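Encoded as structure tokens, the structure appears first; notes follow it.
Protein chains: 2
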Amino acid sequence: MSELPKFVEFHEEGPREGFQSEKKLFSLEERVGLIDALSDTGLKQIQVASFVSPKAVPAMADAADLFGAIKRTEGVRYTGLWLNENGFERAAAAPKVDLDGVFCLYTSEPFCKSNNNCSIEDMRQKQIGWLDAYARHGVSLDVVYILTAFGCNMQGEIPLEVVVENVEFIHALCAERNLKIPTIYLADTMGWANPVEVKKRVGLVQKMAPDSRIGMHIHDTRGMGAANFFAALEMGVDLFDSSIAGLGGCPFGCFADMTAAGNICTEDMVLMCHELGIETGIDLTKLIEAARMAETIIGRSLMGRVMHTGTLDVIRDKRKAV
Amino acid sequence: MSELPKFVEFHEEGPREGFQSEKKLFSLEERVGLIDALSDTGLKQIQVASFVSPKAVPAMADAADLFGAIKRTEGVRYTGLWLNENGFERAAAAPKVDLDGVFCLYTSEPFCKSNNNCSIEDMRQKQIGWLDAYARHGVSLDVVYILTAFGCNMQGEIPLEVVVENVEFIHALCAERNLKIPTIYLADTMGWANPVEVKKRVGLVQKMAPDSRIGMHIHDTRGMGAANFFAALEMGVDLFDSSIAGLGGCPFGCFADMTAAGNICTEDMVLMCHELGIETGIDLTKLIEAARMAETIIGRSLMGRVMHTGTLDVIRDKRKAV
Chain S
3 MSELPKFVEF HEEGPREGFQ SEKKLFSLEE RVGLIDALSD TGLKQIQVAS
53 FVSPKAVPAM ADAADLFGAI KRTEGVRYTG LWLNENGFER AAAAPKVDLD
103 GVFCLYTSEP FCKSNNNCSI EDMRQKQIGW LDAYARHGVS LDVVYILTAF
153 GCNMQGEIPL EVVVENVEFI HALCAERNLK IPTIYLADTM GWANPVEVKK
203 RVGLVQKMAP DSRIGMHIHD TRGMGAANFF AALEMGVDLF DSSIAGLGGC
253 PFGCFADMTA AGNICTEDMV LMCHELGIET GIDLTKLIEA ARMAETIIGR
303 SLMGRVMHTG TLDVIRDKRK AV
Chain U
3 MSELPKFVEF HEEGPREGFQ SEKKLFSLEE RVGLIDALSD TGLKQIQVAS
53 FVSPKAVPAM ADAADLFGAI KRTEGVRYTG LWLNENGFER AAAAPKVDLD
103 GVFCLYTSEP FCKSNNNCSI EDMRQKQIGW LDAYARHGVS LDVVYILTAF
153 GCNMQGEIPL EVVVENVEFI HALCAERNLK IPTIYLADTM GWANPVEVKK
203 RVGLVQKMAP DSRIGMHIHD TRGMGAANFF AALEMGVDLF DSSIAGLGGC
253 PFGCFADMTA AGNICTEDMV LMCHELGIET GIDLTKLIEA ARMAETIIGR
303 SLMGRVMHTG TLDVIRDKRK AV
């Protein structure tokens, strides 16, 4: 067990994860409103939208318009997501997109096939091609995601050796191209992680890649999200993807509805950090206001807890005032 | 950090915690149906109802009838809760109640006042009196709850020293009356615990009371429930109160609604245990069916995750079958 980190950075995924997984479409104004509210909370990175096929994901068809319409707060990065070079070029052409050089490593053949219609190896080769497109836009290799790094609904458990092989691959690629070692994210894309496995796999990557910052992308699919988050904190992880109000869903074979399968909830995890004495640079009161706005927009009760129950600081302050 | 326990015991609180905190009243048949379904899951203890003032808690007015109507499965204990000797005598007179000798230690004067209309010290003295009533019914001192053992909405943080003093009190009482050392529960009645504090306080009580089994009663008020549960597992705790579907609420000054403030969710925590290789003696499939029944009865989407997303074993089995 490492020390808990002193500062944890949250990358907000709610606008993309949330709106893309709803059946309903939401107006540009509603989405801009939420993103602008998030911009005002102290969050340093917000994933605004994905540049993917408008046919496959109609909610993301106007990604460029959305980037054009948001208020850009200094010090906040506004990122997008793409699954192919065409998507990246659309992102690069859109206004105000902060381009991260992202490389996605697949660990499950059927998931790779379903997402990209090609094999894991082909997807690697395609992305090696993207590096040239990245370079043309002055973008370096910043972030590597190891997707379904714990398990996959289509493949079952992902063996530890597969994670090892992916880290080795990225090291070899960086050596070959003389790139600096990127941040490595372990992504529990479909909610297969448990806290013991988080410790094991984070520990392994820390050992293999001591020069990489390690991030985690956690879905709270089966109620273990907060435990997985804490387990990662205990390993010293200081970078997390999360979703305001717990927005989002996993559209890959979940049992019944999507309401229970979003990312870990930003404001609940920020509260946990603050209660543990970990700084986040985030104004929790404003974050909770944004979460309530998200709930109003989506139009049903969302999974976040503290937006419904209030923070402990509210109670502490009330007591001080007496 | 201790080893994770090999076996974890869950005491189901859903029927009491859940139905007492809903505004609506539910028919005897509905409540009996849920309890009978829970009886068939492998759970070894179910808290059926409380014997409290029917004026204060109308949902519990027919507690004795409920005990009379449930199907009693061998090997399952059906318990009740009371806040005074009169309540205990009603429980003792009701059919089929498994009487636990419970002693509740308050750590917050205003909460004790609000629950019992007396001081902490008066409440201790009253309960010392209950021990005679317990003895008349052949009941020994089995379980001590340290209530709001982390913090209280009316009092703020509860200092560690208060927990220490309570453990000392119970040891002195047991020595004086020649009673065997009971199970000690740390109850996070209002959701103030965080996982670091869980480890600290559990560790302290383990040191002070090495002969006591330690249990935890956790509310997932602010999204830290699963992390607190895992932190307790890491300390070797093997006994938890929990609620089917995450039923329940904390009627003491929560911010907005009650839907976010129930106990940790039985089936989600059982899933976590099974994923960690910890046995529970519980059939998770039947437990999830009971959770869905609870959702149907309550009539709105409840907080439990895995009841909506399905277990990982369902996916594993499907893959095996291919």
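Listed in order, the protein sequences are those of chains S and U.
According to our numbering, the first sequence is numbered sequentially starting from 3.
According to our numbering, the second sequence is numbered sequentially starting from 3.
Yeah, the Cβ is synthetic: ideal placement off N, Cα and C, and Gly gets one too.
Predicted, not measured: the structure shown is a model, and the values here were computed from it.
- Listed along the chain, the chain U residues whose CB falls inside 9 Å of the CB of C120 (chain S) amount to none; the nearest CB is some 22 Å away.
- Around the beta carbon of R307 (chain U), a 10 Å sphere encloses 16 or more other beta carbons of the protein chains shown; the residue is thus reported as buried.
- Taking the C-beta atoms as reference points, N230 (chain U) is found no nearer than 8 Å to G250 (chain U).
- L273, M274, E277, L278: these are the residues of the segment 272-291 of chain U whose beta carbon lies less than 7 Å from some beta carbon of chain S, given in chain order.
- DSSP places L27 (chain S) in the coil class of the three-state scheme, outside both helix and strand.
- DSSP lists S:G158 as the bridge partner or partners of C154 (chain S).
- In the three-state reduction of the DSSP assignment, R79 (chain U) falls in the strand class.
- Look at L40 (chain U) here: in three-state DSSP terms it is helix.
- Shown here for P197 (chain S): same chain residues with a beta carbon closer than 8 Å to its own, the five before and five after excluded, namely M226, A229, N230, F232, A233 in chain order.
- Per DSSP, H276 (chain U) is one residue of the alpha helix (DSSP H) stretching across 268-277.
- Not one beta carbon of chain S lies nearer than 8 Å to the beta carbon of N168 (chain U).
- Using a CB distance cut-off of 8 Å, V165 (chain S) does not count as an interface residue toward chain U.
- Below the 7 Å Cβ cutoff, chain S contributes D222, T223, R224, G225, A262 as neighbours of R307 (chain U), in chain order.
- Going by C-alpha positions, E277 (chain U) is about 12 Å away from F152 (chain S).
- In the structure shown, the three-state DSSP call for M125 (chain U) is helix.
- Under a criterion of Cβ atoms nearer than 8 Å, the residues of chain S adjacent to W194 (chain U) are, in order, L314.
- Sequence-distant partners of L101 (chain U) (beyond 5 residues in either direction) whose C-beta falls short of 7 Å from its own C-beta, in its chain, are A93, A94, H139, V141.
- Around the C-beta of A96 (chain U), 16 or more other C-beta atoms lie within 10 Å, and the residue is accordingly described as buried.
- The Cβ of R203 (chain S) sits no closer than 8 Å to any Cβ of chain U.
- In terms of Cβ geometry, K46 (chain S) and I280 (chain S) do not form a close pair [threshold 8 Å].
- With contact defined as three or more Cβ pairs closer than 8 Å, the segment 14-27 of chain S and the segment 43-62 of chain S are in contact.
- Here D270 (chain S) is buried. Its C-beta has 16 or more other C-beta atoms within 10 Å.
- At a cut-off of 8 Å between beta-carbon atoms, A174 (chain S) makes no contact with chain U.
- Residue range 216-220 is occupied by the beta strand (DSSP E) that includes G217 (chain S).
- In this structure Q129 (chain S) touches C106 (chain S) by the C-beta definition: roughly 7 Å separates them, less than 8 Å.
- Within chain U, no C-beta atom comes nearer than 7 Å to that of I72 (chain S); the closest sits roughly 27 Å away.
- Under the DSSP assignment, F105 (chain S) falls in the beta strand (DSSP E) whose first and last residues are 104-107.
- Within its own chain, the residues whose Cβ lies closer than 8 Å to the Cβ of S121 (chain U), once the five positions on either side in sequence are excluded, are E111, C114, K115, listed in chain order.
- For D270 (chain U), the chain S residues whose Cβ falls inside 8 Å of its Cβ are R224, G225, M226, in order along the chain.
- Contact between F21 (chain S) and S244 (chain S) is ruled out by a C-beta separation of about 16 Å, above the 8 Å threshold.
- The continuous stretches of alpha helix (DSSP H) do not include S303 (chain S), and DSSP gives it neither H nor E.
- In the DSSP assignment, E15 (chain U) falls outside any beta strand (DSSP E) and carries neither an H nor an E.
- Here the alpha carbon of L27 (chain U) sits roughly 59 Å from the alpha carbon of I172 (chain S).
- Taking the Cα positions, F69 (chain S) is about 41 Å away from D315 (chain U).
- Within the same chain, I122, I148, L149, T150, A151, C154, Q157, I160, V164, V165, N168 come within 8 Å of T109 (chain S) by CB-CB distance, once the 5 residues on both sides are set aside.
- When the five nearest sequence neighbours on each side are left out, the beta carbons in the same chain lying within less than 7 Å of the beta carbon of Y80 (chain S) are those of I48, V50, F69, I72, R74, K98, V99, D100, in order along the chain.
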